[in-house]
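K.L.:
I'd like to ask you about the structure that follows.
Numbering (my numbering), first residue to last: 8 to 132.
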């Protein structure tokens, strides 16, 4: 004769108890929050967008301490997200043929956009 031992799992299939369910809900909320932040929050720094229809060459962003960041080529409909160090609120941007060391100030949110269009440059602080 064989003896039946009680099952160490729950008697109802698919029921795991309150702790795993709470952890699942917490993980789902954290995942949704992370995706929302990635999709809807503007990254800090300066974004330079090329809407001119031409290839831009030799872009330069200079910081107040004298350091400069360079981008060799920015293709049409491409953007360059320039990360700025903490505390930096101003930069000078040079785009050959469009801008020569134009000052750009960041908004209080830490974001500024510079759009190079056909014959014009728009700065959205």
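Where a beta carbon is used, it is the ideal one built from N, C-alpha and C, also for glycine.
1. Please report how far the alpha carbon of residue 88 lies from the alpha carbon of residue 39, in whole angstroms.
2. Note down, in chain order, each residue of its chain lying with its Cβ closer than 8 angstroms to the Cβ of residue 58, except the 5 sequence neighbours on either side.
3. Taking the Cβ atom as the reference point for each residue, do residue 74 and residue 66 lie within a distance shorter than 8 angstroms?
4. For residue 28, count neighbouring C-beta atoms within 10 Å of its own C-beta (all shown protein chains included) and say buried if the count is 16 or more, exposed if not.
5. Pick out the complete alpha helix (DSSP H) segments inside the region 25-107, 4 residues or longer, and give them in chain order.
6. Please identify the residue among 34, 90, 112, 37 whose C-alpha is closest to the C-alpha of residue 99.
P.N.:
Judging by the given coordinates:
1. Approximately 25 angstroms between the Cα atoms of the pair.
2. Here the set comprises 83, 84, 122, 123, 124, 125.
3. Cβ atoms of residue 74 and residue 66: not closer than 8 angstroms.
4. Exposed is the label assigned to residue 28, since fewer than 16 other Cβ atoms lie within 10 Å of its Cβ.
5. Within the region 25-107, the complete alpha helix (DSSP H) runs of at least 4 residues are 25-47.
6. For the residues 34, 90, 112, 37, the minimum Cα distance to residue 99 belongs to 112.
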